[in-house]
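Undergrad:
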Amino acid sequence: MPMYEYSCESCSNKFEIRQKFSDPPADRCPECGGPVRKNISATAFSLKGDGWFNTGYCAKTDSPKPSACACAAGGGCPAG
Ligand SMILES: [Zn+2]
9 MPMYEYSCES
19 CSNKFEIRQK
29 FSDPPADRCP
39 ECGGPVRKNI
49 SATAFSLKGD
59 GWFNTGYCAK
69 TDSPKPSACA
79 CAAGGGCPAG
């Protein structure tokens with residue numbers, strides 16, 4: 009899940025939120041309720057730990073069958 013960094017325009021509070029792509033963006037500062045602005049930061053697409061696409065789909069880059077990767081991304085794969 010991508011991490012978004014926001015900064016408050018009222019109190020300069022900075023905070024980060026993990027959000028799904030389908031989640032609405034934060035628009036309120038949790039500290040003062042003021043308007044916030046989304047920052048694009050290096051942490052926006054951190055893939056450390058349980059990265060949002062590094063869930064095993066294409067983990068084996070040396071797989072003799074690269075088609076299995078695309079198959080997994082499609083949601084269904086024949087056994088084997
Ligand atoms: Zn604030």
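Numbering of the sequence shown is given in this note's numbering, commencing with residue 9 and proceeding in unit increments. Backbone N, C-alpha and C define an ideal beta-carbon position, used for all residues, glycine too. Owing to the predicted nature of the structure, the values given are computational and were not obtained by experimental measurement.
Quick one: grab the DSSP three-state call for I48.
TA: Here I48 sits in coil by DSSP.
Undergrad: Determine the closest residue to A34 out of C19, S20, Y14, with distance taken between C-alpha atoms.
TA: Out of C19, S20, Y14, Y14 has the C-alpha closest to the C-alpha of A34.
Undergrad: Helix, strand or coil: how does DSSP classify E13 here?
TA: Strand at E13.
Undergrad: Throw me the rounded Cβ distance for the G42 and E17 pair, which I believe falls under 8 Å.
TA: With 8 Å as the limit, G42 and E17 qualify as a contact, their Cβ atoms being about 6 Å apart.
Undergrad: Can you grab the Cα-Cα spacing for the pair D31 / E39, in whole Å?
TA: Rounded to whole angstroms, D31 to E39 spans 21 Å at the Cα level.
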